[in-house]
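> Would you mind keeping the following structure in view while I ask a few things?
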Amino acid sequence: MWLPAYATRSERLCRIAVVLFAFAVLAFLIGPLFVVFPLSVSKDPFFTFPIREYSWRWYADFFQNARWIQSLVNSLAAAALSTLIATVLGTLAALGISRPGFPARKAVMALMISPMIMPVVIVAVGAYMFFGSLGLTNTRTGLVLAHAALAIPFVVVTVLSALSTYDTNLSRAGASLGAGPVSVFFAVTLPLILPGIVSGALLAFAVSFDEVIVALFLTGADQRTLPVQMFSGIRDQINPTIMAAASLLTTVSIALFVVLSLIGRARRA
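With the first letter of the sequence shown counted as 1, position 266 gets the number 271 in the numbering used here; the numbers rise by one all the way through.
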């Protein structure tokens, strides 16, 4: 928001300082992208900048390497399954919390969003100890359940945001016409809160697809996800194939962000 014409000199200087600070923060956040993407198309087998010669060899190496492909498949499978679980459970939890007279709403809400605010390494250690006792470490099932637990808070928050603008009189009107609770939900409630559910599902997918710490604790050699494979590659042998993988991860994240922005704009319109 620009200042009015009658703004004082100090207000204008303050405004300029705020804008410059915002651009500095933005440059700090997106600056690495201007290094990752060029390095992923560098022909040199080492990290050299500026780029002297360009090539797609590292993307070809990524898609021709069985380990990288398997890690990508593992990431997509784990993200899809955990998103499905988180979306269903998070939506049901949000519907329950939003009901009038729900007991201990604040305590339950704090418990639901705790994985969002708790350090991930603590979640990883707890998941490792718990799933270890159940024999679910080094399995895709354990990873999916752990990622679903991390993603549920994002679904709960977005669905609750959608429910905050939902008119409950619509549900009462449907019930007064003879529709049962299930029919009212699918015919009235679900279409109206669907943008919030989709937003939560996209966030859940992004959380699982990019997560590395919990995956390091719970996956074995056959269940390595793409971030874990990148981490292992940095320890074992650094080459620009890692930059190609990082570029793919970043592209997916940017695509999800664009879709979320479009959904948010459609909801406001």
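All C-beta atoms, glycine included, are put in the ideal place defined by N, C-alpha and C. Source: prediction; values computed, not measured.
Please name the residue, chosen from 244, 266, 152 and 268, that lies closest to residue 86 on a Cα-to-Cα basis.
Ranking the options by Cα distance to residue 86, first place goes to 152.
> Curious, which full-length alpha helix (DSSP H) runs of at least 4 residues does the region 46–114 contain?
For the region 46–114, whole alpha helix (DSSP H) runs of length 4 or above, ordered along the chain, are 62–69 and 71–103.
> With H, G and I counted as helix, E and B as strand and the rest as coil, what does DSSP make of residue 44?
In this structure, residue 44 counts as helix in the three-state DSSP scheme.
> Identify whether residue 133 lies in helix, strand or coil by the three-state DSSP scheme.
Helix, per DSSP.
> Determine the DSSP secondary structure at residue 172, reduced to helix, strand or coil.
Three-state result, residue 172: coil.
> Note down the Cα distance separating residue 64 from residue 33, rounded to an integer number of angstroms.
Looking at the two C-alpha atoms, the distance is approximately 26 Å.
> Taking all protein chains shown into account, decide if residue 28 is buried (16 or more other Cβ within 10 angstroms of its Cβ) or exposed.
With fewer than 16 other Cβ atoms within 10 Å, it is exposed.
> Is the beta carbon of residue 39 closer than 7 Å to that of residue 133?
Cβ atoms of residue 133 and residue 39: not closer than 7 Å.
> How would you label residue 216, buried or exposed, when you count the other beta carbons within 10 angstroms and need 16 or more for buried?
Buried.
> If you reduce the DSSP assignment to three classes, tell me which class residue 179 lands in.
If DSSP states are grouped into helix, strand and coil, residue 179 belongs with the helices.
> For residue 79, is the classification buried or exposed, using 16 other Cβ atoms within 10 angstroms of its Cβ as the cut-off for buried?
Result: buried.
> Could you spell out the range, first to last residue, of the alpha helix (DSSP H) harbouring residue 215?
That run of the alpha helix (DSSP H) goes 195–215.
> Ignore the nearest five residues each way along the sequence and tell me which others in residue 208's own chain have a CB closer than 6 Å to its CB.
Excluding sequence neighbours, residue 208 sits near 159.
> Figure out for me which residue from 243, 113, 44 and 109 has the closest Cα to the Cα of residue 95.
Considering only alpha carbons, the answer is 113.
> What does a CB cutoff of less than 7 Å around residue 198 pick up in its chain, not counting 5 residues either side in sequence?
Hits under 7 Å: 164, 167, 168 and 171.
> DSSP on residue 145, reduced to helix/strand/coil?
Three-state result, residue 145: helix.
> Determine the closest residue to residue 149 out of 178, 81 and 107, with distance taken between C-alpha atoms.
Of the candidates 178, 81 and 107, the one whose C-alpha sits nearest the C-alpha of residue 149 is 81.
> For the 8 Å Cβ check, are there 3 or more pairs between the region 183–201 and the region 42–50?
Flag = no, the region 183–201 and the region 42–50 do not touch.
> Tell me whether residue 245 sits in a helix, a strand or coil according to DSSP, three-state version.
Coil, per DSSP.
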